[in-house]
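Each number in the numbering used here corresponds to the 1-based position in the sequence shown with 38 added. Note that beta-carbon positions come from the ideal geometry of N, C-alpha and C, so glycine has one too. The model shown is predicted, which means the values in this text are computed figures rather than measured ones. Here the structure comes first, spelled out in structure tokens, and everything after it is commentary.
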Amino acid sequence: MTAVSRRDFLKLGSLSLLSSALLPFEPDADIYREQPVIYRISERYKRIALTYDDCYLVSMLHKLEAILEQNPEVRITFFPVGEALLNNQIKDPGVWKRFYDKGHEIGYHSYDHANLEMAPPEGVVADFDRWLDALRAVLGVEPQVRFARPPFGIVSRPFLYMCAHRGLVPTIWSTGWGGPTESIVKYTVPKVQPGEIVLLHTRPEDIDTTKKALPELAKCGIQPVTLSRMYLDWIKDQNESPGCDIDSTSFVRTCIE
Ligand SMILES: [Zn+2]
39 MTAVSRRDFL KLGSLSLLSS ALLPFEPDAD IYREQPVIYR ISERYKRIAL
89 TYDDCYLVSM LHKLEAILEQ NPEVRITFFP VGEALLNNQI KDPGVWKRFY
139 DKGHEIGYHS YDHANLEMAP PEGVVADFDR WLDALRAVLG VEPQVRFARP
189 PFGIVSRPFL YMCAHRGLVP TIWSTGWGGP TESIVKYTVP KVQPGEIVLL
239 HTRPEDIDTT KKALPELAKC GIQPVTLSRM YLDWIKDQNE SPGCDIDSTS
289 FVRTCIE
């Protein structure tokens, strides 16, 4: 198939995605079965993703910001609700933009932490759009959003419908570091494996755990990176066979057969 260029393949892929996005809602559509939910990524590299849900308290964001300033090689991923994006922006204008400009990532976690399980699928799409408007407002730029995590970790059909229609990767986690800092740092952190996605919240004990875990991770040579970085690692691994290429923005795999 040498007559078809990579550009043509990407065009075909885009048209296919566009046509599926225009289909009416079908409860049994293949869209659900075709949506992989990630909870960990490639074990090949000594990297993990630290992810912080909800993000209600600006004071905790400030503590996290100070920790990250002390660890400039570390990148993290936030899953804030839309209300927290706006409320923290009021309390500290520019707080989200500072994280974003330093290369930290922000993913969808609903506008107000409602359980999306019983929501109409189009309602979840509207919820994402409302959340994205909040993110645009606090960043002042058009953000790149790749990952979505449902409230309470409930991966429901309406949530997957939204992910498919907005081109997001449904994401949960492989390990949680919530709980008393001392025991988490002593017993849970040392067991972390490359490729793991770690669930945390912007709670005082989780922030304290972060501060104490980072030196332990550094001792093991494990680097916290954004979910995008880990996901791109994995995509590259999938594409090492000759004739395949990957779009680093869309994660679309293109192979010439
Ligand atoms: Zn949450």
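- Look at ARG241 here: in three-state DSSP terms it is coil, with no helix or strand label.
- Beta-bridge partners assigned by DSSP to THR209: ILE76.
- About 27 Å separates the beta carbon of ILE86 from that of VAL179, a gap too long to meet the 8 Å contact definition.
- Assigned with DSSP and collapsed to three states, VAL133 falls in helix.
- Annotation: PRO196 is outside any beta strand (DSSP E); the continuous alpha helix (DSSP H) that includes it extends over 195 to 204.
- The Cβ atoms of VAL223 and GLU254 sit closer than 8 Å to each other.
- Set against 7 Å, the gap from the CB of PRO189 to the closest heavy atom of ligand 1 is smaller.
- The Cβ atoms of LEU173 and ILE144 sit closer than 8 Å to each other.
- Among the bridge pairs identified by DSSP, THR115 is matched with THR89 and GLU143.
- Taking C-alpha positions only, TYR77 is separated from SER212 by approximately 5 Å.
- By the beta-carbon neighbour count (other beta carbons within 10 angstroms, threshold 16), PRO110 is exposed.
- DSSP places PRO159 in the uninterrupted alpha helix (DSSP H) bounded by 159 to 177.
- Between ILE245 and LYS101, the gap from beta carbon to beta carbon is short of 8 Å.
- Per the C-alpha coordinates, the member of ASP275, ALA251, GLU121 and VAL163 positioned closest to ALA202 is VAL163.
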